[in-house]
Amino acid sequence: MKALNPIGVFDSGVGGLSVLREIRRELPGEHLLYVADSGHAPYGDKPAELIQARAAAIVEFLVSRHAKAIVVACNTATGVAIRMLRARFSLPIIAMEPAVKPAVTHTKSGVIAVLATSRTIASENFAKLHERFGANVQILMQACPGLVEQVEAGELSGEKTRALIERYVAPLLAQGADTIVLGCTHYPFLAALIREIAGPAVTIIDPSAAIARELRRRLESASLLSTGTRAGTEQFWSSARSDTTRAVISQLWKADVDLLYLPHVPDAPPD
Ligand code: DGL
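In my numbering, the protein residues as written are -19 to 251.
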């Protein structure tokens, strides 16, 4: 494996771009490959077997593009597929960690909330969080159906998105939560709206920057940190031939991006 090789990053869709932007900030010289599995998003309501099969196929693809490390920029895929991925592939694989530990340290009210997909909340990793931290603080787990779809559609601030966030956040505030953890990589793109609805007294914790730092540590310890002196590049891939995906990636990445298609994505039907 070579230090100049790219880093592969994937998510069910565009959410992992919140992690990608922190990786770009932390590691400006690295080449980055991003796969949005938009043809199968959202993962949150799919069977675990399908998510595992998709995760394995995407990592296989990224390895075929010479990835030197993988970042699973998806809490849902982490919850159901990380053990299988680490058993199957030998390159460094960095995965999402819900930032419950910093939230526990930070809370004054003793009540923290985690926003995530239903599947993440049902996962074994999340059950362990209760065992680990539940004795000291109250952890409210809030599933947020519909929010991933809003971000996938680029709807970051409209009425429907606002109404969904109000529905999910209001009960948490009523129960005294003063710290909200974003447990899905799509949600940082809704952070401004969540902040507006939750008010200034509530702290919002996004684990993405910590994941990027962890990636740096892992590359360093494997002697895989890029030695290049030029700015790194990004390539964006999708499993859906969709103008919306390209437009939303450009919106969230704040640059006009070219979107490539994974092998086996059917051609667009003729006009
Ligand atoms: N970004 C994914 C996560 O972090 C969204 C999952 C989904 O597609 O439902 O969980």
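Cβ coordinates follow ideal geometry from the N, Cα and C atoms, glycine included.
Judged by DSSP secondary structure, S218 falls outside any alpha helix (DSSP H) and instead within the beta strand (DSSP E) spanning 214 to 218. Looking at C124, P125, I92, the one whose alpha-carbon comes closest to that of L109 is I92. DSSP places A28 within a helical segment (H, G or I) once states are collapsed to three.
The beta carbon of L136 sits closer than 8 Å to those of Q130, F169, L170, A172, L173, all from its chain and outside the five residues before and after it, given in chain order. For Y241, the closest of Y14, G9, I3, L7 by C-alpha to C-alpha distance is Y14. Counted as a single uninterrupted DSSP element, the stretch harbouring M64 is not any beta strand (DSSP E) but the alpha helix (DSSP H) occupying residues 55 to 68.
Membership of T225 in the alpha helix (DSSP H) is indicated by the continuous run 223 to 233.
Counting along the chain, the unbroken alpha helix (DSSP H) around A143 starts and ends at 139 to 154. By the Cβ criterion, the stretch 193 to 200 is in contact with the stretch -5 to 15, since at least three pairs of Cβ atoms, one from each stretch, lie closer than 8 Å. Linking P72 to L152 through their CA atoms gives a straight-line distance of about 36 Å. Excluding its 5 nearest sequence neighbours in each direction, S89 has C-beta neighbours in its own chain below 6 Å: G156, D158, listed in chain order.
Beta-carbon to beta-carbon, L0 and A53 are separated by about 7 Å, close enough to satisfy the 8 Å threshold. Collapsing the DSSP output to three states places A49 in a strand.
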